[in-house]
Amino acid sequence: MPTFRAPRGTRDLLAGERRAFARLEELASGLAARYGYRELETPLFEQAAVFERGIGEVTDVVEKELFRLASRTEEGEVWALRPEATAGIVRAYIQHGMHTQPQPVKVSLTGPMFRYDRPQAGRYRQFWQWDVEAIGDPGPAVDAEIIELGVRFYRDAGLADVRVLLNSIGDPACRPAYVETLREHYRPAIGRLPGIERERLESNPLRLLDSKDPAMAALNASAPRIVDRLCDACAAHFAAVRGHLDALGIAYRLQPGLVRGLDYYTRTAFEYYREGAEGQQQALGGGGRYDGLVELLGGKPTPGIGFALGLDRVVLALEANGGAGPVEPEVTAVVVGADPLETVLRLVVATELRAAGIAARAELGQRKLGKQLESAARDRAHFAVIIGDEYADGQVQLRDLPAGTQKTVARADLQREISRAHAAHRHGGPA
Ligand code: HAM
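Just so we're on the same page, the numbering used here is the position in the sequence shown counted from 1, plus 135.
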């Protein structure tokens with residue numbers, strides 16, 4: 136038999152890690168509700184053209200990383216797994232006529248994304264994002280609201296040292312002239328540029344600015360900065376975004392080289408990094424404004440802004456900090472029996488407890504009572520319900536495992552007794 140393994144760049148989230156993800160998803164969902172973002176889902180695959188047009192043909196994500204579904208097409212459509220959520224959400228905004236709803240339309244989506252990237256720590260081919268979008272508001276206040284929401288998420292997740300890097304990358308009024316200036320800056324060095332960078336000099340020179348190639352470092356450091364060349368409208372917008380962030384007490388660092396890897400951005404661009412990791416590739420999250428995207432995908436001109444936070448990287452950062460929080464015991468009561476062979480009553484009692492909303496497990500093996508109790512203690516259960524001779528009189532023994540006490544309880548009172556004592560225990564009161 137062959138040995139099957141999960142595909143390279145993917146991984147199984149086993150119980151502990153899945154729990155850490157579930158906690159982050161719950162946090163995201165709670166914050167989305169508190170900030171007025173409504174959850175939605177889009178398909179895991181779309182027409183490839185949604186991404187090619189939306190994200191841009193000359194981006195790493197589309198050129199190198201798109202998972203195209205080669206063998207399944209319909210009426211000439213080619214599909215691709217989603218590498219990010221924004222383009223699909225904007226497609227849905229247009230398809231469902233959401234421009235007729237009160238603007239902005241604020242949405243939140245959590246789910247897996249797929250990029251055929253070179254796998255390494257924190258870089259996977261299937262990874263999870265929490266994505267939020269506010270479509271239909273030109274800002275600047277909503278820009279600050281969104282940036283603050285990301286910071287709030289990291290803080291509440293337990294990462295207090297996350298910093299915001301901020302830039303404005305202009306709009307169609309001021310960016311073309313800047314891009315030309317940038318070409319002029321790099322052109323004299325064309326012979327020294329690595330191959331891919333040489334191509335990008337013509338096709339998408341902004342991408343050169345965040346090249347990680349060491350050969351580019353000095354050239355990039357002396358490159359002209361777009362923030363110095365914004366048109367009046369973009370400069371005023373950027374100043375106002377910063378003013379709103381200052382008022383919210385959100386610290387940020389201006390990062391003139393931050394251009395983001397997707398082509399749809401205009402004006403505000405930002406990324407979240409852990410303190411001290413700003414120069415590295417491992418952004419915890421990022422986003423920005425995309426005032427041309429709705430129109431590009433066939434809708435009416437509509438501004439928008441959003442972010443996506445990489446949940447895998449948040450889990451990794453929490454683990455590096457010494458764990459993703461305390462692990463709550465999963466079971467409140469374990470039903471055990473004095474007669475090793477008698478499993479029917481154990482299963483019946485556990486089923487009744489579960490029906491009453493209590494997390495319960497029956498010991499279904501046929502081992503001795505001592506072993507059954509040991510396994511209940513290993514599960515860190517609060518109670519062992521012991522079924523013995525008194526069961527014939529409608530009674531069981533209820534053992535409080537942490538307290539080491541035991542009493543006889545009428546079977547009819549069992550659920551009430553467990554619920555009451557467990558609630559008191561969890562709130563730190565007497566059992
Ligand atoms: P992005 O910067 O491409 O933006 O991705 C956002 C975050 O997703 C990254 O900062 C990172 O934490 C995580 N991420 C990206 N690729 C990987 C990977 N291969 N493995 C693990 N984590 C990864 C977007 O996706 C935009 N859609 C954000 C946005 C929303 N802009 C406006 N609205």
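Every residue, glycine too, gets a C-beta built ideally from N, C-alpha and C. Bear in mind that the values here come from a model prediction, so they are computed numbers and not experimental data.
Residue i and residue j closer than 8 Å at C-beta
i       : j       : result
Phe-202 : Ala-215 : yes
Val-267 : Ser-243 : yes
Cys-369 : Arg-402 : yes
Leu-159 : Val-450 : yes
Pro-254 : Gly-421 : no
Tyr-321 : Leu-343 : yes
Gly-472 : Leu-480 : yes
Tyr-400 : Tyr-425 : yes
Gly-378 : Ala-404 : no
Glu-332 : Met-351 : yes
Leu-499 : Ala-468 : no
DSSP-derived helix/strand/coil call for residue i
i       : result
Thr-138 : coil
Ala-566 : At Ala-566 the pLDDT is 43, less than 50, meaning the model places this residue with poor confidence; the figure from the coordinates comes in the next sentence. Ala-566: coil per DSSP, three-state reduction.
Gly-326 : helix
Thr-540 : strand
Val-450 : helix
Thr-478 : coil
Asp-535 : strand
His-403 : It is Thr, not His, that sits at residue 403 in the sequence shown. In the structure shown, Thr-403 sits in a strand (DSSP, three-state: E or B).
Pro-311 : helix
Ser-243 : strand
Phe-442 : strand
Phe-202 : coil
Leu-389 : strand
Leu-300 : strand
Ala-497 : strand
Val-470 : strand
Arg-335 : helix
Asp-195 : helix
Asp-147 : coil
Asp-266 : strand
Glu-152 : helix
Ala-582 : Residue 582 lies beyond the range of the chain shown here (136 to 566); nothing can be said about it.
Arg-250 : coil
Tyr-526 : helix
Ala-545 : strand
Glu-465 : coil
Leu-632 : Past the edges of the chain, shown from 136 to 566, lies residue 632, and the structure says nothing about it.
Ala-556 : helix
His-408 : For the sequence presented, residue 408 should be read as Tyr rather than His. If DSSP states are grouped into helix, strand and coil, Tyr-408 belongs with the strands.
Proximity test, residue i beta-carbon vs the ligand ZN heavy atom, cut-off 7 Å
i       : result
Ala-412 : Looking at this structure, you won't find the ligand ZN anywhere; what it does contain is the ligand HAM.
Assigned exposure category for residue i - 16 Cβ within 10 Å defines buried
i       : result
Pro-565 : Low confidence applies to Pro-565: its pLDDT is 48, below 50, so where it sits in the model is not reliable, and the reading given next is rough at best. Classification of Pro-565: exposed, given that the 10 Å Cβ count is below 16.
Ala-256 : exposed
His-517 : buried
Ile-325 : exposed
Asn-456 : exposed
Ala-353 : exposed
His-562 : exposed
Glu-454 : exposed
Gln-501 : exposed
Gly-271 : buried
Phe-139 : exposed
Leu-383 : exposed
Thr-177 : buried
Met-136 : exposed
Pro-237 : exposed
Ala-558 : exposed
Leu-336 : buried
Leu-419 : buried
Member of the options whose CA lies at the smallest distance from the CA of residue i
i       : options                               : result
Ala-371 : Pro-275, Arg-146 and Arg-395          : Pro-275
Ser-220 : Pro-239, Phe-249, Met-233 and Glu-192 : What sits at residue 220 in the sequence shown is Ala, not Ser. Comparing Cα-Cα distances from Ala-220 to each of Pro-239, Phe-249, Met-233 and Glu-192, the minimum goes to Phe-249.
Ala-485 : Val-531, Leu-284 and Ile-270          : Val-531
Leu-536 : Gln-550, Lys-199, Ser-510 and Ala-527 : Ser-510
Arg-126 : Pro-475, Leu-504, Gly-505 and Ala-519 : The structure shown does not extend to residue 126, since the chain spans only 136 to 566, so no value can be given for it.
Asp-524 : Pro-311, Phe-373, Glu-477 and Glu-337 : Glu-477
Arg-217 : Val-483, Glu-200, Ala-382 and Ala-356 : Glu-200
Arg-188 : Leu-204, Arg-169 and Val-225          : Val-225
Ser-338 : Glu-315, Leu-549, Gly-144 and Ala-545 : Glu-315
Gln-182 : Pro-438, Leu-432, Tyr-407 and Leu-488 : Leu-432
Tyr-289 : Ile-521, Ala-556 and Asp-447          : Asp-447
Phe-262 : Pro-142, Ala-295 and Arg-310          : Pro-142
Ile-282 : Tyr-172, Phe-442, Asp-363 and Tyr-251 : Phe-442
Pro-349 : Arg-327, Ile-361, Pro-359 and Arg-360 : Arg-327
Ala-491 : Arg-388, Ala-512 and Ser-554          : Ser-554
C-beta neighbour in chain C for residue i, strict 8 Å
i       : result
Ala-168 : Checking the listed chains, one finds no chain C in this structure; it contains a single protein chain.
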